[in-house]
Amino acid sequence: MSATLPLSGSFGGTTYRTCPRTGLQFEAQAERLMIVNAVVAVVALLVGGLLAIGVVLTRWPAVHWLAPDTFYMVLTAHGIDMLIFWIIFFEVAVLYFCSSTLLRCRIATPKIAWLAFALMLIGAVVNNVAVFQGGSSVMMTSYVPMMAAPSFYVGLILFAVGALIACFVFFGTLVVAKREKTYEGSVPLVTFGAITAAIIAVFTITSGAIILIPTFLMSIGLVKEVDPLIYRTIWWAFGHSSQQINVAAHISIWYAVAAIAFGAKPMSERVSRGAFLLYILFLQLASAHHLLADPGMSTGWKVVNTSYFMYFAVLASMIHGLTIPGAMEVAQRQKGYTRGLFEWLRKAPWGNPVFSSVALSLVGFGFLGGISGVMMGTEQLNMLIHNTIYVPGHFHATVVIGTTLTFMGMTYFLIPALFKREMIWPQLARLQPYLFGLSMYFFTLVMMGAGTLGVSRRHWDMAFQGAAQAYEWPGAAYLMMGLVGISGVAAIAGGGLYIAITVGSLLWGRKLDAGKPSAVGTPVPRAAPSVAVQTYGSAGFAAPGTFMLAMLFLVAFVLYYFINWKYLGQLWGLS
Amino acid sequence: MTAILPPAERLWWKHPLDRVEGTWIAIAFVWCMVMFFMMVYWHAYGKQNLSTETYKTSPDKFAAKAEAFAAKYTVRTETEQKIPVVAPPPDSDVYLIARLWSWWPILELEKGKTYKLHLTAMDYNHGFSLQPSNINIQVVPGYEHVIKVTPNQSGTYSIVCNEYCGINHHQMVGRLYVK
Chain A
5 MSATLPLSGS
15 FGGTTYRTCP
25 RTGLQFEAQA
35 ERLMIVNAVV
45 AVVALLVGGL
55 LAIGVVLTRW
65 PAVHWLAPDT
75 FYMVLTAHGI
85 DMLIFWIIFF
95 EVAVLYFCSS
105 TLLRCRIATP
115 KIAWLAFALM
125 LIGAVVNNVA
135 VFQGGSSVMM
145 TSYVPMMAAP
155 SFYVGLILFA
165 VGALIACFVF
175 FGTLVVAKRE
185 KTYEGSVPLV
195 TFGAITAAII
205 AVFTITSGAI
215 ILIPTFLMSI
225 GLVKEVDPLI
235 YRTIWWAFGH
245 SSQQINVAAH
255 ISIWYAVAAI
265 AFGAKPMSER
275 VSRGAFLLYI
285 LFLQLASAHH
295 LLADPGMSTG
305 WKVVNTSYFM
315 YFAVLASMIH
325 GLTIPGAMEV
335 AQRQKGYTRG
345 LFEWLRKAPW
355 GNPVFSSVAL
365 SLVGFGFLGG
375 ISGVMMGTEQ
385 LNMLIHNTIY
395 VPGHFHATVV
405 IGTTLTFMGM
415 TYFLIPALFK
425 REMIWPQLAR
435 LQPYLFGLSM
445 YFFTLVMMGA
455 GTLGVSRRHW
465 DMAFQGAAQA
475 YEWPGAAYLM
485 MGLVGISGVA
495 AIAGGGLYIA
505 ITVGSLLWGR
515 KLDAGKPSAV
525 GTPVPRAAPS
535 VAVQTYGSAG
545 FAAPGTFMLA
555 MLFLVAFVLY
565 YFINWKYLGQ
575 LWGLS
Chain U
70 MTAILPPAER
80 LWWKHPLDRV
90 EGTWIAIAFV
100 WCMVMFFMMV
110 YWHAYGKQNL
120 STETYKTSPD
130 KFAAKAEAFA
140 AKYTVRTETE
150 QKIPVVAPPP
160 DSDVYLIARL
170 WSWWPILELE
180 KGKTYKLHLT
190 AMDYNHGFSL
200 QPSNINIQVV
210 PGYEHVIKVT
220 PNQSGTYSIV
230 CNEYCGINHH
240 QMVGRLYVK
């Protein structure tokens, strides 16, 4: 496409191969790093998934499987393995992909990248061992003064240091690409999104270090006290922001999948990149919503952080929510699917798990995760759901339907491209995103339903056995929690299918042609300028169908938001 | 595959934005401002806002105040543990202790009257979750949170702890009466 400027191949004797199926170029060192990080991520998902069985079958009132101490231990491990280890290992693979592969350059300091991997792996193992020894059932939040074993904190700190180093290897790789001119002009939009994720990661991990290091010192007796309120405040700058890394990462993948599945071009680079920029500036403030029911924070602090500033991040998400399907619609219309508002959508590759995962993820993340997140992030409305099971309902919609499902879709793309294997059981792979995604939709909905009725999160027994002044939840709450159990089991089956397909493909999938290794890389060509999007579409809109869907989303959002105000208005007077 | 390639035009920030994007950004921005306005509006005109009156405290100091309060207004005791049922006069200060794994004492309030409820935890973080009306407030050790409450319905309420606080967390249920 463009001049094949040969790169000097004298950097550490590495090689490059171009995948014959996707045209992507992988550098040997980066490729190995992506593979190990992705594989360990899937192992963490497997462990977390097995633990999910214990969590779900205990919270299902009719089953109520585990004893309380086991349950709280399993819940702690489930949260940490899923929210931290599965996702961040995968994200490191994504960061290397978005830098080395998309910019077609060698990875910076591969030895240090291996050190980062080793630290993360050791940290993850040490932390898991601490939890399974039983003395660290403190949940992911590990609120002081409740103390875990010192190795619990050491594990997390080692992991965080490793992840931080991985972020800097990513930044270093960007510098390598720039200096060696492996691309022209600006980085691709997907890489731009990954940069957003990495910047948020640096902020997040630093916050984690600020609070976990004194907490570790407290656990070994060197520090006498960590203030519980300050702990909560700084911990959440780490705890919630770590989920914002995921948002930036999975939205980058959505753009990538729009490009891969449809050849879609961002509607406007300016809008999409501007939205990512808003994330860098404002998204971390969403952490404040965990502190809305806390003593000690002023009203001004709460309002500024969770509304005025946070809504710029909400705005950014609403923008991505339009521009990604919008770009798909434009691409489909260019292919001739122009009839009516939704022919482009009907003719989308619903049987391709790479696309269907992302489509289910986008809709679920927006409707279930987005709307509920803004509701609970509203200062006063938060009182209705703080610490109820609504909260895990919300974050299973954002993190599981949003991030995990997206990463699953990405794996289906990577199995032939990165792992050079043909996928086994293609029919089951078509089904998997629907089984997992739709049962998760239902799971989060019933969890939010039970939370609206007041059912607590992190609670072993909603029947309050043995309590002197027991409370009896309404029958509807029991029904909802039963449905949580059933849909949870279905979702675990969907997750198990994903692991069976991916691991099975790596082990038994037919080996595919890897492409010839070459000592020199080929630089990235620029995107070809395309016809202005306005040629297609109707009513002056390039993507009228997407606009209709966006309006549907808005109506749902507005209705739900004001229903909750009405509900709040019926509570006791509080001031 | 253009989102994964460098943008075609060098000056991507000068791209025109499509009308569908411009319209949606405007709508989304207005909606975000409505939500912002709602929070501020509710502070001025709504009746349910969390107080930000907070003091540093210690378990001993708070327990002394709560015990004096209970000694003064106890009307009877309930359950095997003989938990005092305390019926304070309207507009007075009311103390509630959260600790492993109970709420102390049992409060008896009057419908339509206002009380200053003082909340703290003696040991770990706990969660004040008033059921069935579903009001949820974090209770943090070392901090005394003062909230003016006006019960609007009579009946028997339960205070469920909804912050994980250890192995018997699920037994930490208190009671509150509104007459």
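Those protein sequence lines, which keep their order, are chains A and U. Under the working numbering, the first residue of the first sequence is numbered 5, with each subsequent residue one higher. Under the working numbering, the first residue of the second sequence is numbered 70, with each subsequent residue one higher. All C-beta atoms, glycine included, are put in the ideal place defined by N, C-alpha and C. Keep in mind it's a predicted model, so treat the numbers as computed, not measured.
Exercise for the section: Between the Cα of A:Leu578 and those of U:Gly243, U:Cys230, U:Leu199 and U:Met241, spot the shortest distance and give me the residue it belongs to. Expected result: Within the first sequence, the letter at position 574 stands for residue 578 of chain A. Closest by alpha carbon: U:Leu199.
Problem - CB-CB length for U:Val163 against U:Leu186, believed under 8 Å - result: Reading the second sequence from its first residue, position 94 is the one you call residue 163 of chain U. Reading the second sequence from its first residue, position 117 is the one you call residue 186 of chain U. Right, their Cβ atoms sit about 5 Å apart.
Exercise for the section: Please check if any C-beta of chain U sits within less than 8 Å of the C-beta of A:Gln538. Expected result: Sequence index remark: in the first sequence, residue 538 of chain A carries index 534 (1-based). Because the pLDDT of A:Gln538 is 42, which lies under 50, any placement of that residue in the model is unreliable, and the number read from its coordinates should be weighed accordingly. Judged by the 8 Å Cβ criterion, A:Gln538 is in contact with chain U.
Exercise for the section: Please check if any C-beta of chain A sits within less than 8 Å of the C-beta of U:Lys134. Expected result: The count along the second sequence starts at 1 and reaches residue 134 of chain U at position 65. It does not: the Cβ of U:Lys134 has no partner Cβ on chain A nearer than 8 Å.
Problem - U:Lys32 - containing beta strand (DSSP E), residue span - result: Outside the modelled stretch of chain U, which goes from 70 to 248, sits residue 32 of chain U, for which no answer is possible.
Practice task
Identify the continuous alpha helix (DSSP H) that holds U:Gly91 and give its terminal residues.
Solution key: On the second sequence, position 22 is the one that residue 91 of chain U refers to. Arg88 to Tyr114 is the span of the alpha helix (DSSP H), which, as asked, contains U:Gly91.
Practice task
Give a yes or no on whether the minimum CB-CB distance between A:His68 and chain U is below 8 Å.
Solution key: Position 64 of the first sequence, counting from 1, holds the residue named residue 68 of chain A. Not one chain U Cβ lies under 8 Å of A:His68.
Practice task
Establish whether the CB of A:Ala546 and some CB of chain U are separated by less than 8 Å.
Solution key: Here residue 546 of chain A refers to the residue found at position 542 of the first sequence. Yes, its Cβ sits closer than 8 Å to a Cβ of chain U.
Practice task
Pull up the CB-CB distance for A:Lys515 and A:Arg425, whole angstroms please, since I reckon it's below 8 Å.
Solution key: Position 511 of the first sequence, counted from the first residue, corresponds to residue 515 of chain A. Position 421 of the first sequence, counted from the first residue, corresponds to residue 425 of chain A. A:Lys515 to A:Arg425, Cβ: 6 Å. Contact.
Handout entry: Limits of the unbroken beta strand (DSSP E) element including U:Gly196
Key = Residue 196 of chain U sits at position 127 when you count from the first residue of the second sequence. U:Gly196 -> beta strand (DSSP E) spans His195 to Gln200.
Problem - Inter-residue Cα distance where the pair is A:Ile39 and A:Leu572 - result: For the purposes of this step, residue 39 of chain A is identified with residue 35 of the first sequence, where counting begins at 1. For the purposes of this step, residue 572 of chain A is identified with residue 568 of the first sequence, where counting begins at 1. So the two alpha carbons sit approximately 49 Å from each other.
Practice task
Look at the Cβ atom of A:Ala547, then the Cβ atom of A:Val334, and state whether they are nearer than 8 Å.
Solution key: Within the first sequence, residue 547 of chain A is the residue found at index 543, counting from 1. Within the first sequence, residue 334 of chain A is the residue found at index 330, counting from 1. Yes, these two residues count as a Cβ contact at 8 Å.
Handout entry: Rounded separation between A:Thr539 and U:Lys83 - CA only
Key = The residue given as residue 539 of chain A occupies position 535 in the first sequence. The residue given as residue 83 of chain U occupies position 14 in the second sequence. Here A:Thr539 scores only 45 on pLDDT, less than 50, and its place in the model is too uncertain to base an answer on.
Practice task
For chain U, find out if any of its Cβ atoms is closer than 8 Å to the Cβ of A:Val535; answer yes or no.
Solution key: In the first sequence, the residue the question calls residue 535 of chain A occupies position 531. Annotation note: pLDDT 47 at A:Val535 (below 50); position unreliable, coordinate value reported separately. Not closer than 8 Å to any Cβ of chain U, the Cβ of A:Val535 fails to qualify, so no.
Exercise for the section: Taking U:Pro210 as the query, report the chain A residues whose CB atoms sit under 7 Å from its CB, ordered along the chain. Expected result: For the purposes of this step, residue 210 of chain U is taken as residue 141 along the second sequence, with counting starting at 1. Residues of chain A passing the Cβ test: Pro149 and Pro232.
Exercise for the section: Kindly indicate if chain U contains any beta-carbon less than 8 Å away from that of A:Met124. Expected result: What you label residue 124 of chain A is simply residue 120 of the first sequence in a count that begins at 1. It does not: the Cβ of A:Met124 has no partner Cβ on chain U nearer than 8 Å.
Handout entry: Where the beta strand (DSSP E) through A:Arg21 begins and ends
Key = Here residue 21 of chain A is taken as the residue at index 17 of the first sequence, counted from 1. Here the beta strand (DSSP E) through A:Arg21 covers Tyr20 to Thr22.
Handout entry: Candidates U:Gly196, U:Gly235 and U:Pro85, of which the one nearest U:Ser12 by Cα
Key = Residue 12 of chain U is absent from the structure shown; chain U starts at 70 and stops at 248.
Handout entry: Where the beta strand (DSSP E) containing U:Lys217 begins and where it ends
Key = Against the second sequence, residue 217 of chain U aligns to sequence position 148. Where U:Lys217 is concerned, the enclosing beta strand (DSSP E) stretches over Tyr212 to Thr219.
Problem - Of the listed residues A:Phe266, A:Ala66, A:Ala317 and A:Met144, nearest to A:Tyr482 (C-alpha basis) - result: Stepping through the first sequence from its first residue, residue 482 of chain A is reached at position 478. Per the Cα distances, A:Ala66.
Practice task
Identify the contact partners of A:Glu95 in chain U, using a Cβ-Cβ distance below 8 Å as the criterion.
Solution key: On the first sequence, position 91 is the one that residue 95 of chain A refers to. Within 8 Å Cβ-Cβ: nothing; A:Glu95 doesn't reach chain U, min ~17 Å.
Practice task
Return no unless some Cβ of chain A is closer than 8 Å to the Cβ of U:Glu149.
Solution key: If you number the second sequence from 1, residue 149 of chain U lands on position 80. By this cut-off, U:Glu149 is an interface position.
Handout entry: Assigned secondary structure, A:Gly243 (DSSP; H/G/I helix, E/B strand, else coil)
Key = As a working note, residue 243 of chain A is residue 239 in the first sequence. A:Gly243 falls in the helix class under three-state DSSP.
Practice task
Tell whether a beta-carbon distance below 8 Å holds between A:Pro114 and U:Leu74.
Solution key: Position 110 of the first sequence, counting from 1, holds the residue named residue 114 of chain A. Position 5 of the second sequence, counting from 1, holds the residue named residue 74 of chain U. Cβ atoms of A:Pro114 and U:Leu74: not closer than 8 Å.
Exercise for the section: Starting from the Cα of U:Ser293, find the closest Cα among U:Ile152, U:Phe138, U:Val154 and U:Ala133 and give me that residue. Expected result: In the structure displayed, chain U extends from 70 to 248; residue 293 of chain U sits before or after that span and is not available.
Exercise for the section: Grab me the residues of A:Leu501's own chain with a C-beta within less than 8 Å of its C-beta, minus the 5 sequence neighbours each way, in chain order. Expected result: Mapped onto the first sequence, residue 501 of chain A falls at position 497. Once the five neighbours on either side are set aside, the close Cβ partners of A:Leu501 are Leu432, Leu435, Gln436, Leu439 and Phe440.
Handout entry: 8 Å Cβ cutoff met for U:Met104 and A:Val378
Key = The residue you call residue 104 of chain U lines up with position 35 of the second sequence. The residue you call residue 378 of chain A lines up with position 374 of the first sequence. Yes; because the gap between Cβ atoms is below 8 Å, this pair is in contact.
Problem - chain A within 8 Å of U:Thr146, Cβ atoms only - result: Within the second sequence, the letter at position 77 stands for residue 146 of chain U. Answer no: the Cβ-Cβ gap between U:Thr146 and chain A never drops below 8 Å.
Practice task
Leaving aside the five residues before and after A:Ile91 along the sequence, list all residues of the same chain whose C-beta is less than 7 Å from its C-beta, in chain order.
Solution key: Counted from its first residue, the first sequence places residue 91 of chain A at position 87. So the qualifying residues of the chain are Asn250 and Thr407.
Practice task
Look at the Cβ atom of A:Leu106, then the Cβ atom of A:Thr195, and state whether they are nearer than 8 Å.
Solution key: Here the question's residue 106 of chain A lines up with position 102 in the first sequence. Here the question's residue 195 of chain A lines up with position 191 in the first sequence. Closer than 8 Å, so yes.
Practice task
Identify the continuous beta strand (DSSP E) that holds U:His227 and give its terminal residues.
Solution key: Locating residue 227 of chain U in the second sequence gives position 158, where the first residue counts as 1. In the sequence as displayed, the identity of residue 227 of chain U is Ser instead of His. Where U:Ser227 is concerned, the enclosing beta strand (DSSP E) stretches over Gly224 to Cys230.
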